[in-house]
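Residue numbers (the working numbering): 1 to 276.
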């Protein structure tokens, strides 16, 4: 059965689980303290049950969660039925996006201007984060997160396809060395199983996808979703009408505009050679 897990419900479940595990309290212990079934705690944390605000406040009170995190989780509880969500949590730790990466069976990402996060090298990531006018701690946290993640987002069963616009192969962030290492890394990834790196020439007729990056996530037992990357926040769409439009656009990019695997490697190699 295909599930419709809304982004706010998933983010709420992640937040409640983090609060519980941070205080080293098990599912059964929390359920006993609140006089509820353990299955209620588990299904709320897994986002398969959409809790009432009263439940969330009760849990947060028992776990002594206060301040900004309390208000963030209560706000999520107010929107657990919303099909779309804008996540503006810590820049250096996008928890909701990481959860989707781990659960997805297929991720297809369109990156018209910059190399996307899952395949960035540390030097490229640091230069890009510095250019984003972030604080030193945010930059350090973002780089460490990229180091902790594997070369492929998700799990060993996740297929990842990245479509790169020509500018992503040419824009320098930081030194030429950082871009050279990034391009070499892309060439290494292009030969790995379950990873497909394609270049999309940006010359020619304009197409709506050229406006901004987006990614399509597909799952085994969930409805697909689309993420839209913004400067300090990410938007998540599970409403199926816009998701279908984005999936059609991605299919168009892949079938009509993206170079083949061999031609894409040649394009990346040419960009690397031009750097000396």
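The C-beta atom is built at its ideal place from N, Cα and C for all residues, glycine as well.
With a threshold of 16 other CB atoms inside 10 Å of the CB of residue i, please say whether the residue is buried or exposed.
i: residue 208; result: exposed
i: residue 206; result: exposed
i: residue 109; result: buried
i: residue 214; result: buried
i: residue 255; result: exposed
What residues match up with residue i in a beta bridge as DSSP calls it?
i: residue 196; result: 161
i: residue 234; result: 87 and 229
i: residue 105; result: None, per the DSSP bridge assignment.
i: residue 110; result: 163 and 214
What three-state label does DSSP hand residue i in the structure shown?
i: residue 80; result: coil
i: residue 117; result: helix
i: residue 240; result: helix
i: residue 173; result: coil
i: residue 25; result: coil
i: residue 218; result: strand
i: residue 47; result: coil
Report the rounded CA-to-CA distance for residue i versus residue j, giving the unit in angstroms.
i: residue 179; j: residue 191; result: 19 angstroms
i: residue 142; j: residue 117; result: 9 angstroms
i: residue 259; j: residue 239; result: 30 angstroms
i: residue 47; j: residue 270; result: 46 angstroms
i: residue 53; j: residue 45; result: 14 angstroms
i: residue 249; j: residue 157; result: 25 angstroms
i: residue 14; j: residue 59; result: 13 angstroms
i: residue 182; j: residue 144; result: 17 angstroms
Rounded to whole angstroms, how far is the Cβ of residue i from the Cβ of residue j, which I believe are closer than 8 angstroms?
i: residue 200; j: residue 216; result: The Cβ separation is near 15 angstroms, so there is no contact.
i: residue 279; j: residue 247; result: With the chain represented from 1 up to 276, any question about residue 279 goes unanswered, as that position is not in the structure.
i: residue 167; j: residue 202; result: 7 angstroms
Compare the C-beta of residue i with all C-beta atoms of chain C and state if any pair is closer than 7 angstroms.
i: residue 60; result: Judged by its chain identifiers, the structure shown contains no chain C, having just a single protein chain.
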